[in-house]
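Here is the structure we will look at.
In the numbering used here, the protein residues as written are 1463 to 1704.
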């Protein structure tokens, strides 16, 4: 999977980087570089699907909003992926909400331009179909993970997935937000993060997480981190550089 520590260029989306040169040139003319501001909603049940978003930096979370007001993350999306699959499958909107959890930028393609160009973008269509399968796999694996694995292992997995998608080893994170993403209570997250911190894997203070020992953090994570990454590589393949 592409991440902030290798893969596609630092300001290029890996899916777009993996296209043949002819399709990259064709789609580039229709792309608009836009900021991804914190908590910006990209799609959801109350929003008509209007754009495809290809992050070049930053991180988005796909979440389920429950009737009681609780929120749980079902997928994490960064520069390895995209937001806007309802448009690809001619749907009007997404039942899940996708919002920005780490600020960045994205190349945005309007639904109108995608429909106008799609017959001339066969490689992109195939890639998006395979990416959608990898996203389904991430959602399914995450569901099993939330049911079966201890909180500290799930916390390690979530931190790794976010670390993969940011530049550098630090990012903003509150206990409340992490608890929402994992679907657990704030005290449970405080305990789990404390275990990882005392083991020297992370530093967590004043709403900032620093990844100190990634190798040991991977060892502390459950199997789901590697399963999700392996399925992504199988379906989408390693991103091209540049």
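The C-beta atom is built at its ideal place from N, Cα and C for all residues, glycine as well.
**OP:** Tell me whether the beta-carbon of residue 1650 lies closer than 7 Å to the beta-carbon of residue 1613.
**Re:** yes
Original post:
Under three-state DSSP, which class holds residue 1698?
Top reply: coil
Subject >> Burial state of residue 1633, where buried means 16 or more other Cβ atoms lie within 10 Å >> reply: buried
Original post:
Which residue from 1638, 1621, 1693 puts its Cα closest to that of residue 1683?
Top reply: 1621
Subject >> residue 1502 - DSSP class collapsed to helix/strand/coil >> reply: coil
**OP:** Evaluate residue 1564 with the Cβ neighbour count: other Cβ atoms within 10 Å of its Cβ, from every protein chain shown; 16 or more gives buried, anything less gives exposed.
**Re:** buried
Original post:
Should residue 1584 go down as buried or exposed, given a rule of 16 or more other Cβ atoms within 10 Å for buried?
Top reply: exposed
Original post:
Going by C-alpha distance, which of 1645, 1533, 1546, 1501 is nearest residue 1511?
Top reply: 1546
Original post:
Straight-line CA distance for residue 1575 to residue 1587?
Top reply: 14 Å
Subject >> Stretch pair the segment 1520–1530 + the segment 1473–1490: three plus CB contacts closer than 8 Å >> reply: no
Subject >> Backbone secondary structure at residue 1525 - three-state DSSP >> reply: strand
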